[in-house]
Each structure stands twice: as C-alpha cells, then as structure tokens.
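Number of protein chains: 2
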Amino acid sequence: MTDLSKSQLEHRDMANAIAALSMDAVQRANSGHPGMPMGMADAATVLFSKFLKFDPSDPNWADRDRFILSAGHGSMLIYSLLHLTGYKAVTMDQIKNFRQLGSITAGHPEYGHVPGVETTTGPLGQGISNAVGFAIAERHLNARYGDAVVDHHTYVIAGDGCLMEGISQEAISLAGHLALNRLTVLWDDNNITIDGPVSLSDSTNQKKRFEASGWKVIEIDGHNPQQVASALRRAKKSDKPTLIACKTTIGKGAPTRAGTSKAHGAPLGDEEIAGTRAARGWDHGPFEVPDSVYKLWKRPGRKGRKAHREWKERLAASDHKADFERAMSGGLNEGWLETFQAYKNKVAADKPSMATRAASGKALVPLTESLTDMMSGSADLEGSNKTKTPATSDEIQAGHYGGRYLNYGIREHGMAAAMNGMSLHGGVLPYSGLFMVFMDYCRPSVRLAALMEKRVIYVATHDSIGVGEDGPTHQPVEHLASLRAIPNVYTYRPADALETAECWELAVQRDDGPSVMALTRQGLPAVRDDASTNWCERGGYVLQAGEGADDIVLIATGSEVHLAVEAAERLAGDGITARVVSVPCLDLFMEQDENYIRSVLGKDLPKLAVEAGIRQGWDALIGRGGAFVGMDSFGASAPGADLFEHFGITTDAVVTAAKGLLNR
Amino acid sequence: MTDLSKSQLEHRDMANAIAALSMDAVQRANSGHPGMPMGMADAATVLFSKFLKFDPSDPNWADRDRFILSAGHGSMLIYSLLHLTGYKAVTMDQIKNFRQLGSITAGHPEYGHVPGVETTTGPLGQGISNAVGFAIAERHLNARYGDAVVDHHTYVIAGDGCLMEGISQEAISLAGHLALNRLTVLWDDNNITIDGPVSLSDSTNQKKRFEASGWKVIEIDGHNPQQVASALRRAKKSDKPTLIACKTTIGKGAPTRAGTSKAHGAPLGDEEIAGTRAARGWDHGPFEVPDSVYKLWKRPGRKGRKAHREWKERLAASDHKADFERAMSGGLNEGWLETFQAYKNKVAADKPSMATRAASGKALVPLTESLTDMMSGSADLEGSNKTKTPATSDEIQAGHYGGRYLNYGIREHGMAAAMNGMSLHGGVLPYSGLFMVFMDYCRPSVRLAALMEKRVIYVATHDSIGVGEDGPTHQPVEHLASLRAIPNVYTYRPADALETAECWELAVQRDDGPSVMALTRQGLPAVRDDASTNWCERGGYVLQAGEGADDIVLIATGSEVHLAVEAAERLAGDGITARVVSVPCLDLFMEQDENYIRSVLGKDLPKLAVEAGIRQGWDALIGRGGAFVGMDSFGASAPGADLFEHFGITTDAVVTAAKGLLNR
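If you're matching them up, the sequences are chains Z and A in order. Okay, so the first sequence: first residue is 66 according to this note's numbering, each after it adds one. Okay, so the second sequence: first residue is 66 according to this note's numbering, each after it adds one.
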C-alpha cells in the first residue's frame, strides 16, 4: 500500500467502518447482503460526510436532504451510516441484532422502524421511483414556501436490479421530463447480479439510456473519493437530474469473493472476513469501531446541526412558518370540513344522478380548494378520471413546480411510486387517477404504501364490467377482492354522489394508509338524501329497512346498491321485506365490532350480496349459505348495460336470487 | 392532389379502405379509437401487402410471420386488415358489429376470438413484450428444427403508451441483449396520447433509448410507402431487433381532429368523417369497399398461400415433421407420464424432508428430460428458484438459441409477458422462477395468460413468512388470495415432495390456463407415501381420517399441512379425532361438485383452516363460524421459524384453535 495522506487515511477508516460493520452483522445474522455495502462504502462515505445535509439529533428536520437506498438489500450500508453518524436509535446492539425479531434493523430498511430511513425498500426499482416523488415534493414546496424554507436534495443509491426493473424507466423518464435537477442517483455499477455477471441478462448502455431520458450522466471510479466528490459537485450544479455511474467492486476487499456474485447475498465466512480486514487495512475486531473513527463520523452531523439551527432562524422569520409546519405535520387546513359539509348538504338536497367518477370530480372541487396540500394527477386519463379541479389545474412542468397537477403519463407504476415518495416527503397529499383494472400495474407500490402506512389516494375509475365496449382487458372483475386482500388498504366503492363525497372525506382524513376510490364509468341514481352523518365511516350501514321485522338482507356496494334498492321495492310488492345494506368500504366494515356488524346485517336474516365483481371475500359476511349476484369469469366487450344483462347482474336477478334464498 | 402513379393509387386505395372501415365501425359502435388505424393505415398496408407472410385460409400456419398490435385500442386496424385480406371469420357484418355483444370484433383484439389475432392486447406495453417471447420461440424452434421448417418474423405496431409503460423497457433490453433480429417494431410516432401531446408527460429520445438497448433504429415518414418498405427491408437484414419510428398523423385526413388527441378515443362524427373521405380521396359509402380494392387486398394472401404450399413440401421432407407437429399442437412427448410415475414412486418410497422449492427442482429433472418443449428460466434467482435442470442447462444467448434456459434478468413483468408470447407462439412450454411476492410485479401479464387460456407456469418460491429475514417486503401474505382471485389461474401449494410432483404433473398437463407453483423456502417433512393416485388432481383430498366418526376437520395447504397432521396427533391424545384435509389447489377444489367437497370436508364437522396467508377466500369452505390460523397483517424480519412462532402459526395454535372451536 502506498503512503496515504491524512485525508485519505480518514476516508479509508470511515469507509472501512461501514464495510466491517456490514460484513460482521451479516455474518452474525448468518443472513444478508454484505457485498453492496462493501462496494459502495467509499461513495457513501463521501456523500454522507461531505454532501448530505442531515441532523442526527432530529431525523425529521423538514429541510434535510433525503437519502434513499433503492438497493434495499444493502441495508447494512444505511444502518452503518446511521449508527456511525450518531442516530441514537441505531445502537451497536441493533447492529448486532441485524435481521432478528424485534430489532429495528430489519433485513430491508423499513420506514417507520428506523429514524433516517426515508422509505421502505427491497422490492427493486421502488426506491429510485419514490425518489422522483420526493424531488417533485421538494420543488413544489420550494415554489410554495421559498428558498429560505425548502432547499434540499434527494440522493439515491441504486443497483443493477433497480435499473433493470421496468418501473425505473417510468421514473427516470418522468424525472427527466420534469428536469428534477435536485435528484441525484448513484448507480452501484458493480456488474454483478445474484445469478452472476450482468452480462448474463443485460447489455444496456445505461449512460445512453439515461441521457435519452434527459439526464446528465457522469461516469467515475466509485472507489475514488475525489472522483465521487467531484461528480456530486457537478450534480448539484446540473440543470437536469444526474446519474453518477460508480464503477465498483462488489464485496471489495474479500480475497476470493470480491467482484463475484458470491459476495452478494450470503455471509462471507470467517476466513474471507479475516482476509478482507487485512486487505482493507482494518485491524479491529468484529463490531469494534475505534473512538478516532467515531470522531471522524461525528463531523457531518455537527455541520448538519448548525445548518439546522440556521434554517430554524430562517423559518421563524418566514411568513409561511405556520402553514409550512401544518403541511409538514400532515395536518389538514382549518375549516375544510365545514366547507365540505356544505357541499355534502347540497348533494343530499339535489340527489343528482351521475357516475361516481363524475361525483368524485365534483367533490374534489371544494376539497382541493380548501385542502391546499392536495396534489392531483392522472396516468393520461384526466378526462376519464376527473381528477383535475380549478384549484389544481395549474400543471407542474420542468421549471414550473408551483402547480398542483401532474401529467404522470402512461406510467401507473411510476405514478404510484412517486406518490409514495411525495407522501413520505410530507407537505403534500397526493391523489391521482387511473383505470381501476390497471391498479395491477402499480400493485407493488400500493402494497408499499400500505406497509408504510402512507396517505396516498388512487382514483380508480371504470370499476366493473360497466366499462363496456373496451372489454375484458379493461374490466375489473377480481380487483375489488385483490385490493381488499392487501393489508391496510381501504377500498371505497361508493353508491352515489353523496357516498362518494363521504368516502373522499374519509380518505383524506386517513393518515395511516392508502385508499382506493373505486368509481363507476356509468351513471347511477342517488340512493340517499341525508348528509347529517357520514354513514360511510363504519364501512357499511343500513340504507333502508322495514318498519318491523325484515325477511332478508340485501348487501351491495357501488353501482349495485341501486339494484338492491329496486329489488327491495319489487320484493315488497310480493310481501317480502328486504333490508338494504350499503357497504362502501368492506375493509372498514370488517374492522367494526361484531355487535355493530350484527346490528347492520340483522339477526339471522338470510343474506344476499350483490357486487359486479367476484364472490371472494363476501363469504365472510354471507357465509356459504348466502346468495351472491356478481361475476365468476372475465367480462366481455359490449355496451355496459348489455353486459349487466348478459352476466345477470340486474334487479331481476337480485329478486330471483332473494326468492330462491327464502324458498330454500 | 398531384397525379399519382398506378402503384401509388393502389396503395392509397388499400390504405383508405382500412381508414374508412375503422372510422365507420367506430362511428357505428359509437365507441372506439379511430385515430390510430387512420394514422397507421399506410404503414400497415405496406407491411401486410409486401412483407408479412401469412395465409388467410390457414391462420394457424406454423411458419407464418406474427403480427402483434401492441396498441390494441386501434383494433379496427387489424380487423380491417383481416377482413380485407380474406380471413373468412372477419365478415363485413362483424366489422359492422364492432364492440357489440357476441361479435368477434371486440373492443380490443382478443386472442381466441378472431383468427389472425396472435395475442390479446389493450393493456399497454404487453404486446411489444409478448413479441419478445414470440421472437425467442421462433429462434429456438429454428435451432431445433432448421430453416426449412421455422423461418419467420415477428412484427409489432406499438404506440407511445406502449413505450411509456415500464414493461417495454424490460422487453426491449431483453430483446436487445438476445439480439432478436427477427423482431421489428413499428412505432406509431404520432406525438399524441389521450390527454394531449406527448410533450405533456414525456421528453424521451426514443431513438437513443432503443439504441442504448442494442436496437437498430430507423426513422421515417410513416405515410410514405417507399420509406416504409425500405425500412422494413433494412430491418429484415439487421443483426439486431429494429425499431422503425414512423412519424404519423393520428386520425389522418380528419379536417379538424387529425393530429390531435380528439382523434384518439371517440367517434369522429358524421361531419368529420365526410371531410375525411374527401381529404383522403375515398368516395365510397360507409362499409363500402369496391371490388377493385378487395382484389388488390387479395394479392398478399395468394402469395402467402403459395409460400405455405412450398413450406408444407419442405416440412413433409423433413425428419422433424412428427416432432414439430406434436410440439406445435401442444402435445406432450410420449412416455413422459411413465417416467414421471417412476419418479413419484421413488419419492413416495423415500419420503424426503425438503423445501418444496427443492422438491420442485428435483421433479423438474425427469420432467424436462422427457418434455422437450419445456423452456426454463428465472428472474435472476436461479439458485433460489431451482428451475435449471440438466436438460435445460444450456443457456439461450445472442446467436445461440438452441438452449432451454433463459436468464430473464430482474424483469418479472417482461418475463411473464415473454412467456405469454412463447406459449402463444407454440412449440414451447415456458416455465420460470421468481420470488412469490413479486408475482405482483408481473400480475398484468398473469391476468392475460389467464384470459387467453395459455399454458404458462410460474415457479413462485418463498411463499410465506417462511422467507424469514428478508422481511415483510419479501413475504407473501395476501398473494395466495390475490392469485386465487384471478379467474382461470390455478395456484398450487403442495405440502411435500410428493404433492409437489403431483402438482407439476397437473400444471404441465393443463392446456387451458396458467399455473402458479407456490413453494416454500424452508424444509418440510413428507406427509404422504402413496403415489398410486395423483391425489392433487381434484384440488383437495382427505389426507388422514379417523376409523369411525371424526370430531373436527383440519384443512391446510403447503407448509401448514404438517402442522395439521401434528395437531391431529396431539388432539388424538386428548381423545379428539381430527380429519386432515390437504388442499394443494383451492381453485381446483372449489370447482369440484358439491358432493365431492362435502365428502372431503365431512358432514357438518367443525372446520378449521391453516394457511400462512390471509383468511380471505377460506370462508367459502369454513364459513364465518369456522376457525382460521394464519396471517392478518404484513410479516416481519426475523428467522423464519421465529416468525411462525411470533405470528402464531404453529401446531400449538392449531390444537388450541381446534379445542376452542369444539368448546364453543
């Protein structure tokens, strides 16, 4: 080894501390991914020690730079960094208990478990796509609150896996289009995936690919601290998002495994670890970090604390302080509920017949007017989704970030991931539109919103065979069931304009998870005229019942509620009293206590459910003995009304099924 | 209009026939997308009349070129072409009944409904990604059967939507890597999406993007037949896949709507249609095509019939005839079942303890040895998925297509779409591996496999919290339910090595839909030793029962079956007789007649189900009164065994729940 200067020695020690903790923790857990943290320790050291703005004593400082480990399997990289830079929660014991039950140092970085982890990563491509949302939120809030208050960067470390996943293309093309120059991605260009060299499965010229999407690309030796620093400096000055291609060696220092896929996803073993220590010049024991190295790692936090203090002064002097703090805390603007109640009263009085997607569009007008954080958008279906309102009509484009409408393009997955990032950043409340059937395209991001308990709202219009002529490829059949299956997602399916307003009221208030608004293409009659209570808030309720005892209960959602109402009327003509229960949110209804559920469904009444989707999930309410009117196959291409007839989801069918149930 | 040559006039009339039928059919249906067929009529005319090899009298001719309309909303383009070129099924009445109930001319082209439609498109990005699978299958079969028998091209028309969807990046990077030079994509570069100009949401330099993925790119005026022909000629000679960027005008000829998003997705209206007729020089009435134009359109079919005859002679002379015809008809090789029975007998005798993913790997050895069409692969998890066998170990790479293993890379969506294309092409039986949680990434393609009733097999390993340390992002919880929700998907979850073999036997025999093999990471004991019958074939069966009357039935799948067996043993010690039912495929079990289901579950027995997933779907068997031991939240990061304890999915828990149920 040649003689190193003091700063070179310092860098080496700092990076070695990361690499050593990473390989030691994986070894002790007997599980994990040592290679990536070892390969990216140099670049991460430069980023965290010289560029990243953060304050370990306040991980939630609003104007901190965001760091996202998109290659989430390399979680020991971020845990090491958080530990070394002084995030109190990340103790050496946590490092030692990596991947164990109850520790905060989970196998992949989990948002909400560890201060300093900005988003849950692991499913590849998600982090880099969240980052686009972070960067959008930053520029938007900067436009709203000014440089003094909002002025930070988003940094990502991504691997080959992130870049191969299709979602990354949606993310980088959107970022390039919007010229999000505060976004910098460090690509761990180590040429290795789990199965071997990248050349087994990919020959992409990433430099050219990113340039094609409007990015600045800088190629460097990722182990050379000067080159990393120079690239990060150039990235900060760029008027485009920047990709820094860091040529690295996975598992750097490991005598036989470095540069091979064997360093990727398994402990190195004692011998290889000893060899690495020798090769990297780190002669400390497992989990041992000398005070001198801790001292070096304390510097960036000190610098950050100072910047944080100065920022607090600027914020205190700002006119925007109160509103900024409200927005960042996720609080809703004062007075919105009163305004919205007035809207609901009007709807109750008017009883308009309309598609619930249109009703959603109407409800969004007062909502977006009063809730100033709401950020709208659509995956190229604005006219269909009705997500744009007067208050959100100004469009975000490159260099113009103050608007509140995003043209996400035909990128459902990238859109959902960006909305996760926006929600995680804070200060904004993202909602956006798509065809419901294409919730499948963004399902991995929806799942992460649910896991992270973030407020993201999907306006999923065209929610059944009511789609009509577009046919089975565009008609949700299993989607209500499959969305309800994801833990912590609330799927709302309102029956009319009033329920639509009520569901929106619940969705924007929900601060611990995502909501899906399942809305019709086709027009629907009003089924209720009482706005005094938000009847949707317990998920299901008795819409109408007989004066005395009921004979049967008809349970329905969305576009089928009016069929149940009409069927009840017809049954009444035959002397049968049918109770009608509307279930705008089955998830929420199933969470109610058993007494409430029983009181709604009636004591031991025969049960019939109607929903233009599959039966799965309904047996929990109606049991095997119950009747179900719905779908049990894919749809077809024809006018929507013809399809409801064809598939037998009609008032007639409900009446017939009800009588069949009673005559059993 | 300047004077046109005869061939120019002919081209104009041929293209006009497409444009006119398209706008007329959309107008009559009062629904649909006229703009794209009108814009691409010129390019499609050149492709179909001068390049595409097809025989309208035999749409299934094995060596035809494949044409895929990835921009499926422009379905009238392909219906017009099929009608004009003489596909008998596509009558003028069908054109007139576009998008109506019972007609074959659905809103989006549906495979199996219309001869000449190679794949169902509409969900954007799928067609171009299917095409990669078509092109792989063609090259592979060419390597197997020679130029005389397999020698065709795959052509795609894709729009901006296809190119914006992330799946397209996975597809084009895989195609470029494999140098699939028989694949040509005509990009309808009309600069318009539904919401307006592409510039609203995208600034990608597509030429550069495709070149970065190893494609040849040719830019032309899509309305100039000479340029189209020249580009197609160059594409045929290319040693790379080719993108032909066709600059076009959407809704070409429409006086006010051409070149705007108003031409995209709605009928043009009478006035605009009249103006278009005038502008394009087409003075025939709605749905009127003069005989002279039909005559022109008959030529390519005649040429195709001749080529078909010559090919038949070559096939007749080929040694491969019998095997080629077997493979293309989807038939399984003779004798495979006997070989496999021998394997099952051995497993039954050995009763090995192992993870079902390992058991799957073992079962695949004899399967792939005898079933020569099976094509293996993995999304960069070969070591985990155990999909590679001695018979499939040779890897497909650029220029070497005879192998049977594909490194799909970290591209689950592209992989699933490519497998659809391979299955649709015929001659191969694709299966491939991924982590089960990432079935979400490829769900849109899985849905299409189900809708198209194609034999595609997903080896979805790591099927529960048994994943362990990787944590909740990698642990399926809702996935069994959400996959079962898709119509026509069979999700198999075998309990041990023998059931794994039986499920594989069923999956490869299933020729009308896809199968998911849900397999454990962790080791499992054998639960059965009788291979005389494939007990899995009815989805569920009595694994063990008491001699006399049973007190309770324990229903379980996969890794929880042995818990039920152990619980039954423990309960027997307390004088309780528990029947144990294994349900390796709930979808299949629910399709059995009620008598069989009752005979398996026992008459009026209290029911308890155990599955390391959510309850949704199980109520159909156990009812609201039944007990369920499983998950009701996301998982966590810890060793797998700790998690089963933590989430209470244990023999103890089953015993306790069973007693609770009996004491109710």
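We put the CB at the ideal spot given by N, CA and C, even for glycine.
Contact note: V665/A does not reach chain Z at a C-beta cutoff of 8 angstroms; the least C-beta distance is about 14 angstroms.
DSSP assignment within the segment 530 to 612 of chain Z yields the following whole alpha helix (DSSP H) runs of 4 residues or more, N-terminal first: 544 to 550, 562 to 574. The three-state secondary structure of F113/A, taken from DSSP, is helix. Among the CB atoms of chain A, none fall inside 9 angstroms of the CB of R367/Z. For N472/A, the closest Cβ of chain Z is nearer than 9 angstroms. Proximity of the segment 73 to 90 of chain A to the segment 710 to 724 of chain Z falls short of the contact definition, fewer than three beta-carbon pairs being nearer than 8 angstroms.
For L653/Z, the CB contacts under 7 angstroms within the same chain, skipping 5 residues up- and downstream, are Y555, R603, G604 in chain order. Taking the CA atoms as reference points, G611/Z sits about 47 angstroms from I169/A. In the structure shown, the three-state DSSP call for K672/Z is strand. For P537/Z, the nearest beta carbon of chain A is closer than 9 angstroms to its own beta carbon.
In this structure, the alpha-carbon of R391/A lies about 48 angstroms from that of A632/A.
Beta-bridge partners assigned by DSSP to E284/Z: A310/Z. For G536/A against A420/A, the beta-carbon gap comes to about 19 angstroms, at or over 8 angstroms, which does not count as contact. With respect to the 9 angstroms criterion, N485/Z and M440/Z are not classified as neighbours on the basis of their beta carbons. DSSP places N255/Z in the coil class of the three-state scheme, outside both helix and strand. M79/Z counts as buried, since no fewer than 16 other beta carbons sit within 10 angstroms of its beta carbon.
Taking all protein chains in view, the Cβ of T598/Z is surrounded by fewer than 16 other Cβ atoms within 10 Å, so the residue is classified as exposed.
In this model, L446/A and P332/Z are separated by some 17 angstroms (Cα to Cα). Bridge pairing for G498/A: S443/A, V524/A [DSSP].
Looking from the CA of P431/Z, the closest CA among W347/Z, A566/Z, G369/Z, G474/Z belongs to A566/Z.
For L436/Z and H527/A, the gap between their C-alpha atoms comes out near 43 angstroms. In this structure A423/A does not touch S194/A by the C-beta definition: roughly 31 angstroms separates them, more than the 8 angstroms allowed. For chain Z, the residues of the segment 678 to 689 of chain A that bring a beta carbon within less than 7 angstroms of one of its beta carbons are I679, Q681, G682, D684, A685, G688, R689, in chain order. The C-beta of Q291/Z has fewer than 16 other C-beta atoms within 10 Å across all chains shown, which makes the residue exposed. DSSP links R689/Z through a beta bridge to no other residue. DSSP places A621/Z in the strand class (E or B) of the three-state scheme. In this structure, T150/Z is the residue among T150/Z, E284/Z, G192/Z, A456/Z with its C-alpha nearest to the C-alpha of R364/Z.
Nearest in C-alpha terms to G426/A, of all of D577/A, D128/A, A583/A, G340/A, is A583/A. For Y555/A, the closest Cβ of chain Z is not nearer than 9 angstroms. Using a 10 angstroms sphere on the CB of A240/Z, the tally of other CB atoms reaches 16 or more, which defines it as buried. A distance of 9 angstroms or more separates the beta carbons of V618/Z and G688/Z. DSSP assignment within the segment 119 to 167 of chain Z yields the following whole alpha helix (DSSP H) runs of 4 residues or more, N-terminal first: 140 to 150, 157 to 161.
Secondary structure in the segment 229 to 273 of chain Z: the alpha helix (DSSP H) runs of 4 residues or longer, each lying completely within the stretch, are 231 to 242 in chain order. Only exposed fits M157/A, as fewer than 16 other CB atoms lie within 10 angstroms of its CB. For A154/Z, the closest alpha carbon among the candidates G287/Z, V111/Z, P121/Z is that of P121/Z. Secondary-structure assignment with DSSP links Y220/A through a beta bridge to F132/A, T249/A.
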